[in-house]
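Contents: one structure, followed by commentary.
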Amino acid sequence: MNLYEWLETILFFIVLLAMVKPFGAFMARVYQGDKTFLSPVLVPCENLLYRVCGVERDEEMDWKRYAVGLLLFNLLGGVALFSILLLQHLLPLNPQKLPAFSWHLALNTATSFMSNTNWQNYAGESTTSYFTQMFGLAVQNFLSSATGMVVAIALIRGFVRKKTSAIGNFWVDLTRSTLYILLPLSLVFAIFLVSQGVIQNFSPYKTVPLVQPVTGTTTVKEVTIPMGPVASQEAIKELGTNGGGFFNANSAHPFENPTPLTNMVEIFLILLIPGALTQTFGRMAGNPRQGWALLAVMLAILIFAMGVLYWAESAGNPLVAKLGVHGINMEGKDTRFSLAGSSLFAVATTGTSCGAVNTMHDSLTPLGGLMPLSLILLSEVIFGGVGTGLYTMLAFVVIAVFIAGLMIGRTPEFLGKKIEVREMWLSMITVLTSGILVLVFSGIAMMVPSAVASMANPGTHGLSEVLYAFASMSNNNGSAFAGLNGNTVFYNLTGALCMSIGRFAPIVASLAMAGSLAGKKYVPPSLGTLPTDKAPFALWLALVILIVGALTFFPALALGPIAEQLMMIR
Amino acid sequence: MKELKPAILLLIIFTIICGGIYPAVVSGIASVAFPNKAKGSLITDKSGKEIGSSLIGQPFSDPKYFWPRPSATTEFPYNPLASGGSNLGPTNSAYLKTVAERVKAIKDLGVSGTIPADLVQASASGLDPHISPEAAQVQIARIGKARGLAEDTVRKLVAAHTEDRQLGILGNPRVNVLALNLELDKLAQ
């Protein structure tokens, strides 16, 4: 890295680390119902909402009722989006007169946005009206991220509370996530993004003449530049780790990510809530060190992955170098971002469940592309999605505590709660669901000729494309090795299945664990208690995450990116 | 079912707030505070006609213009309705053949030595408005010859259109190709 890239990277992490603690504390106050600086304005709105919707603010729910509310709300949201996509041609705010989605693409897209995946088998600028973008997709961007956050909060309450079945009120948690956290931040950052050149309008697309017309098989004298309310979408897309681009090129598009500064701000937004939730957790659990320990594990693996990715890309493509070209691998990268800015974006978007891209992951060098793929396959706990990252990480903590307990002969406890068979089962469901989906469905795809025909690149790289697709959908990431043509009945339907199981099985398991933990009594720490907020445990936790990932996926990775890297440098 | 009422009503209310009011407020503030940027940073000619956006690149292949990054958009290069990269993998033989052809096209017009990577590898957006200063550098001699301009004149023009890193540290130095080519045409008039 050159001096500027070092400065860019170091400054970024300083700002991020400076913000997570105050912001995490703010979120803790919001969820505990304490007063914040937004309360004078928002408490009256909140109370009005509850009155209209018939929500009892102080009525707490057990985990089953919480889960029923969550599933029902998400199902209705999915159905609403599905209907909007099918009726797009009849709805307003469609200046380009775009037609309706096909039923299987609508099903895939509705599941995708409802589950915070934002896998896109369509190109926004040529298929999606402003109405669909705003009232369909952006609404789910808010609500699916709020859903993830409330599950994490409910699980924290499970650890903190004693001998109760109550884990919070889903409607209150959902409303507070949206009103106090997601909306105000999106508003501020959307306006900042416009100040840098991200567009925000409702105009029809603009037709402009070309300075030099394109000649050849077709003559093109003028081009059509798409417009739309992009900035408002962009802010929540990153903040809620959603990742569904307004345009096909996503955050590589100059209208979504016009300057190096917007690039760093977008990465910051992706990591802000997942990073800060570790602090919310530490604060609510009365043990801030525990929050820092989790954050340290996340940071260490993220920075390692960024380093490998940077190194692989800066070495360039040896097969291209042979043609007399010098420089880093620029295929699938835009000029304005430094390689550090592209590398950091790629690992941030896949360590979390975001899936926005400013670099085409399909065109990364094999070793470089292995990093985003691996981060997704680690179940997205390296920061992870908003909420999902924390509850999945806590499942890993439970597993790590349990194994360590077995190895050193201590009672497995975490935060004063005994870890028993039920918690182990539920943690295993949270952690392993996506892995099973990835391997089963990639295997099926390899046996279906039409699925194999969707690959854009031959051989080992094609396998990487399919593996990445199912990893991305099952873990609700949404980025792609985008050469793969996913808009087929096979991928639309298997994808919808992977996205919904990969999303809701871990959510229900986490809520069940919250209920189970909340019902337990508090066991005060004794000499036999393993300290979980110190460096040895953090290291152990990192190892457990990496070993579970490696045991599940090493064979598949060896046939894909690892084989390709060896062939490339041969 | 006790949860059905809040589920339906909250979904409707949040659809109105997050899907309607929020983007409308952002648009309102943006159109007052940053009208040009909110509308796409459009460039107009002397008569006020819109002739492009400073953020969206255009295709150039004539020797008298600076060439932009290769673009993998469908139908034709720099198609703003089809943003995206090539998504070709690094060991794909079809990809390597395409890069070899681009290298040859540049060398045929008199560039010797190694070629900057951004000039032969397609961008992520397919609409990248910029090239690196090195990629502009290797084209100066060709432009000078095609337009009968002193190389020094062209070099000064490139320097004037080179943007530094943002805030002195962020991103890469870069040259806006459309702005530079419009300036070249203006010089010719």
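In order, the protein sequence lines correspond to chains A and B. Counted from 1, the first sequence has number 13 at position 13 by my numbering; the numbering is strictly sequential. One rule links them: number in my numbering = place in the second sequence (from 1) + 570. No residue lacks a Cβ here, since even glycine has one placed at the ideal position from N, Cα and C.
Remark: C-beta atoms of A:G341 and A:M264 approach each other more closely than 8 angstroms. Those residues of the stretch 41-62 of chain A placed with their C-beta closer than 8 angstroms to a C-beta in chain B are L49, V52, C53, G54 and V55, ordered along the chain. Setting aside the 5 residues that flank it on each side, A:K221 is surrounded in the same chain by P209, L210 and P213, each with a C-beta closer than 7 angstroms to its C-beta; the list follows chain order.
Using a Cβ distance threshold of 8 angstroms, B:I701 and B:P638 count as a contacting pair. Look at A:I429: its C-beta is not under 8 angstroms from any C-beta on chain B. B:H700 is bridged by DSSP to B:N746.
Among the residues of chain A, those whose CB is under 9 angstroms from the CB of B:Q691 are N317, V320, V325, G327, N329, M330, E331, G332, K333 and S363, following chain order. The stretch 105-142 of chain A is shown to contain whole alpha helix (DSSP H) runs of 4 or more residues at 124-127, in chain order.
Proximity of the stretch 659-675 of chain B to the stretch 717-727 of chain B falls short of the contact definition, fewer than three beta-carbon pairs being nearer than 8 angstroms. Using a Cβ-Cβ cut-off of 8 angstroms, B:P633 does not count as an interface residue toward chain A, since no Cβ of chain A sits closer than that to its own. In the structure shown, the three-state DSSP call for A:P536 is helix.
For A:T175, the CB contacts under 7 angstroms within the same chain, skipping 5 residues up- and downstream, are E46 and L49 in chain order. Contact annotation: the stretch 162-178 of chain A does not touch the stretch 75-93 of chain A, with fewer than three C-beta pairs closer than 8 angstroms. Rounded to whole angstroms, the Cβ separation of A:I267 and A:A138 is 20 angstroms, and the two are not in contact under 8 angstroms.
In the three-state reduction of the DSSP assignment, B:H731 falls in the coil class, being assigned neither a helical nor a strand state. DSSP places A:K221 outside any alpha helix (DSSP H); the residue lies instead in the beta strand (DSSP E), whose first and last residues are V220 to I225. Chain B places no beta carbon closer than 8 angstroms to that of A:R570, leaving this residue out of the contacts.
Cα atoms of A:T359 and A:I328: separation of roughly 13 angstroms, rounded to the nearest angstrom. Within chain B, G589, G590 and P593 have C-beta atoms less than 8 angstroms from the C-beta of A:M134, given in sequence order. At least one C-beta of chain A is nearer than 8 angstroms to the C-beta of B:I685. A:L437 and B:A608 have their alpha carbons spaced roughly 42 angstroms apart. In the DSSP secondary-structure assignment, A:H326 is bridged to B:P686.
If you draw a straight line from the Cα of B:L740 to the Cα of A:I270, it is about 18 angstroms long. According to the DSSP secondary-structure assignment, A:P229 is paired through a beta bridge with A:Q200. Interface annotation, A:S195: in contact with chain B, CB-CB separation under 8 angstroms. As far as DSSP is concerned, A:V431 takes part in no beta bridge. Note on geometry: alpha-carbon atoms of B:G718 and B:D678 lie some 19 angstroms from one another.
Using a Cβ-Cβ cut-off of 8 angstroms, A:W311 does not count as an interface residue toward chain B, since no Cβ of chain B sits closer than that to its own.
Spatial neighbours of A:A496 in its own chain (CB-CB distance under 7 angstroms, excluding positions within 5 residues in sequence) are listed in chain order as L107, N108 and T111. A Cβ of chain A is located within less than 8 angstroms of the beta carbon of B:T585. A:G387 is positioned such that its CB atom lies closer than 8 angstroms to that of A:V151. In terms of Cα proximity to A:A300, the closest of A:E331, A:L375, A:M407 and A:Q565 is A:L375. Residues of the stretch 701-734 of chain B whose Cβ lies closer than 9 angstroms to any Cβ of chain A, in chain order: I701, S702, E704, A705 and E733. Of the candidates B:E573, B:G589 and B:K575, B:G589 places its Cα closest to the Cα of A:G136. Boundaries of the alpha helix (DSSP H) around A:I569: A563 to I569.
Interface annotation, B:T661: in contact with chain A, CB-CB separation under 8 angstroms.
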